[in-house]
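Participant:
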Amino acid sequence: MLVFAFAGVIGETLFSEWWKAFYTKSFWAYKVEAVAHSYTSFLNFIPWAIGGMLFLNILGITAGATLNYRAIAAAEIPFYLIFALALLVGLLIQWIVFHSAGINKFKHASLSNYLFFIFPFLLALAVCVLVYSPNFVGIAVAFGILGAFFEYLFGKACELFISKKLWTYKYLTIDNDHFTPLSLVPFSLAGFYFWGIALLLQSLLKNFFAIIKVL
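For the sequence shown, the numbering used here gives the first residue as 3, with consecutive numbering after it.
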């Protein structure tokens with residue numbers, strides 16, 4: 003859980019930097035104990051530790067009956083490598099197109115520019131669908147909807163107990179900037195992010211104990 007705590011804070015900071023490269027305003031802004039241009043907060047370590055475990059539970063419930071995700075974990079080429087490589091290729095294509103076309107930063111979120119923004123994720127998801135299973139689409143939807151739902155509940159609980167919003171969204175907001183439908187894709191990405199981290203840790207620990215056994 004400690005790894006998930008730091009991974010979550012780092013992940014949301016990197017996502018914010020990615021968003022800010024294409025849009026004039028940040029995707030969100032933290033209001034309490036904020037750091038890194040208000041992209042994250044010192045209060046987020048425990049929530050992300052719990053969030054990482056939540057995503058793994060969502061994976062187990064969603065994929066349990068339709069996708070042998072344990073077989074994917076044991077595949078010769080790890081899932082997270084394929085996903086990460088496809089994501090990086092998408093980011094490279096996106097960056098080249100954005101700068102070669104001389105596009106200015108987007109002032110507003112529209113369907114067209116948002117689809118352009120999430121292109122790397124869509125590419126990574128499409129590759130996994132082709133390599134593994136079409137059920138990856140269902141997993142992505144579950145990660146996005148349930149992740150956003152539980153974040154909404156957590157935010158409301160924070161507001162109730164500390165009388166402050168922990169964060170506010172900046173684009174297409176609902177409920178006094180507390181929620182945006184644009185967050186569904188980032189939460190879907192977060193689910194695959196934590197799944198990949200869990201598989202990587204599992205692999206590292208397995209190799210570590212194998213070495214110890216030999217010694």
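Don't be surprised by glycine CBs; every beta carbon is placed ideally from N, CA and C.
Treat the numbers as computed from the prediction; the structure is a model and nothing was measured.
#1: Identify every run of the alpha helix (DSSP H) within the segment 119-175, keeping only runs that are complete inside it and at least 4 residues long; order them along the chain.
#2: Buried or exposed: Gln96, going by 16 or more other Cβ atoms within 10 Å of its Cβ?
#3: Using 8 Å as the Cβ pair cut-off and three pairs as the minimum, do the segment 137-147 and the segment 168-179 touch?
#4: On the criterion of 16 or more Cβ atoms from any shown chain inside 10 Å, does Ile48 qualify as buried, or is it exposed?
#5: Kindly indicate which residue of Phe196, Pro122, Ser205, Ser135 has the alpha-carbon position closest to the one of Trp20.
#6: For Ser205, which three-state DSSP category applies?
#7: Are the beta-carbon atoms belonging to Ile2 and Phe81 less than 7 Å from one another?
#8: Take Val187 and list the residues in its own chain whose beta-carbon comes closer than 7 Å to its own, dropping the five residues that flank it on each side.
#9: Three or more C-beta pairs under 8 Å: does that hold for the segment 124-133 against the segment 152-159?
#10: Are the CB atoms of Phe29 and Ser18 nearer to each other than 7 Å?
#11: On the criterion of 16 or more Cβ atoms from any shown chain inside 10 Å, does Phe182 qualify as buried, or is it exposed?
#12: Only counting the same chain, and skipping five residues up and downstream in sequence, which positions put a Cβ closer than 6 Å to that of Lys109?
Facilitator: Here's the rundown:
#1: 121-133, 138-164
#2: buried
#3: no
#4: exposed
#5: Pro122
#6: helix
#7: In the structure displayed, the chain extends from 3 to 217; residue 2 sits before or after that span and is not available.
#8: Ile120, Phe123, Gly146
#9: no
#10: yes
#11: The displayed chain sequence assigns Thr, not Phe, to residue 182. The residue is buried, with at least 16 neighbouring Cβ atoms inside 10 Å.
#12: Thr26
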